[in-house]
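Numbering (the working numbering), first residue to last: 528 to 877.
Heads up: the structure comes next, in structure tokens.
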């Protein structure tokens, strides 16, 4: 067993402090002989109480936070017996506990975080987290082996490197159509800007959320034209048999809205009245795409037929305004133009 030895040199024994040390040594070591008080330097070997450590206990086989322990005693250097711990220096007392290192315990091993999935804006980063054991962590285990002692660390985390610059299409107003009655084209300005209003390359907007660039041109709507064609009724066929011609008149008119006339003092509700639409010069409608035809072919019967229908002219309308009807005579004639005995008079209402 080791014995702590300390060599103390006293330059002069008559020094009061030296006598105090000697007296203390006598209380610890009663057999120390008296020391002469003559002023002479004498080396003095003093054996003081010391700490003595026992062997470490074995670490438990189970995993987790475990410790090993040992017994530490304060020993009298002469009797080799255990004495009160206060007789030994507390600052030199050895450890009585030490954590165990279990190389066989499974542990989580975390890899380095990967790069963010986006260069700007919200994204995520990944890393590998696996369960291993062994002196050099050479054994790869199932995750359940590590989860039993510790929850699995996260493999994904959010990341946001910087704020993304947003791009959008800036849309201008449509140009005016020069003539609502003629086929034309309207235009507007379309350009790409960032989130502070600065112009950017169109590709920046096409690659963003607004991938489809708005249209820059469109046809003028001729249905807004205030003029339109009005066709009259077709005339009778120019021939009584075979192919002939029919004619009709067309007029260019100025549109007028339907206005509602309301009179709460009467017994009727809102009614509509069409204001007369005046006829204007035909040149006002010439630009319209849907110009009406004024002639067409007609065929009533073959001239070689034994009988054929013969229609007379229409009479005047039965009313000067509102719904009415017209009459005409329709006869069945033979080849020579003679009327057959069973030829009826026809009445058509329009």
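Quick reminder that beta carbons are idealized off the backbone N, C-alpha and C, glycines included.
Helix, strand or coil, according to DSSP, for residue i in the structure here?
i           : result
residue 617 : helix
residue 785 : Any answer about residue 785 is weak, because its pLDDT of 35 lies below 50 and its placement is not dependable; what the coordinates show is given next. In this structure, residue 785 counts as strand in the three-state DSSP scheme.
residue 837 : strand
residue 792 : In this prediction, residue 792 scores a pLDDT of 40, lower than 50, which makes its location untrustworthy; no coordinate-derived value is stated.
residue 733 : helix
residue 881 : This structure leaves residue 881 out entirely; the chain is present only between 528 and 877.
residue 810 : helix
residue 750 : helix
residue 631 : coil
residue 873 : A caution first: residue 873 carries a pLDDT of 47, below 50, which makes its placement in the model too unreliable to give a value.
residue 854 : coil
residue 607 : coil
residue 534 : Legend: pLDDT at residue 534 = 40, less than 50; position of this residue unreliable, no value from coordinates given.
To which residues does DSSP link residue i through a beta bridge?
i           : result
residue 599 : 580
residue 500 : A query on residue 500 cannot be resolved here, the shown segment of the chain reaching from 528 to 877 and no further.
residue 683 : 653
residue 660 : 666
residue 758 : 777
residue 585 : Answer is none; residue 585 lacks a bridge partner.
Kindly indicate the opening and closing residues of the alpha helix (DSSP H) around residue i.
i           : result
residue 672 : 670-674
Measure the beta-carbon distance from residue i to residue j and round it to whole angstroms, keeping in mind my assumption that it falls under 8 Å.
i           : j           : result
residue 656 : residue 682 : 5 Å
residue 696 : residue 747 : Not a contact, Cβ separation roughly 23 Å.
residue 722 : residue 693 : 4 Å
residue 825 : residue 773 : 5 Å
residue 684 : residue 651 : 7 Å
residue 583 : residue 619 : About 19 Å; that fails the 8 Å criterion.
residue 672 : residue 679 : Contact flag wrong, Cβ pair sits at about 11 Å.
residue 627 : residue 595 : 6 Å
residue 707 : residue 752 : 5 Å
residue 777 : residue 757 : 7 Å
residue 848 : residue 754 : Not really, about 24 Å apart at Cβ, beyond 8 Å.
So which of the options has the shortest CA-CA distance to residue i?
i           : options               : result
residue 833 : 825, 820, 865 and 678 : 865
residue 632 : 611, 641, 658 and 614 : 658
residue 816 : 711, 857 and 805      : 711
residue 759 : 726, 780 and 625      : 780
residue 843 : 826, 660 and 851      : 851
residue 856 : 863, 836, 847 and 862 : 836
residue 814 : 709, 766 and 861      : 709
residue 775 : 765, 782 and 761      : 761
residue 744 : 637, 660 and 716      : 716
residue 603 : 625, 576 and 616      : 576
residue 580 : 643, 612 and 587      : 612
residue 660 : 654, 653 and 668      : 668
residue 805 : 636, 782 and 634      : 782
residue 634 : 590, 642 and 625      : 590
Please report the residue range of the beta strand (DSSP E) in which residue i lies.
i           : result
residue 714 : 712-714
residue 696 : 694-698
residue 642 : Note, residue 642: premise wrong, no beta strand (DSSP E); not H, not E.
residue 820 : Taken as a continuous stretch (DSSP letters only), residue 820 belongs to no beta strand (DSSP E), as it is neither H nor E.
residue 624 : 624-626
residue 742 : Segment: none, residue 742 is in no beta strand (DSSP E) and carries neither H nor E.
residue 827 : That residue, residue 827, is in no beta strand (DSSP E); it is neither H nor E in DSSP.
residue 771 : 770-774
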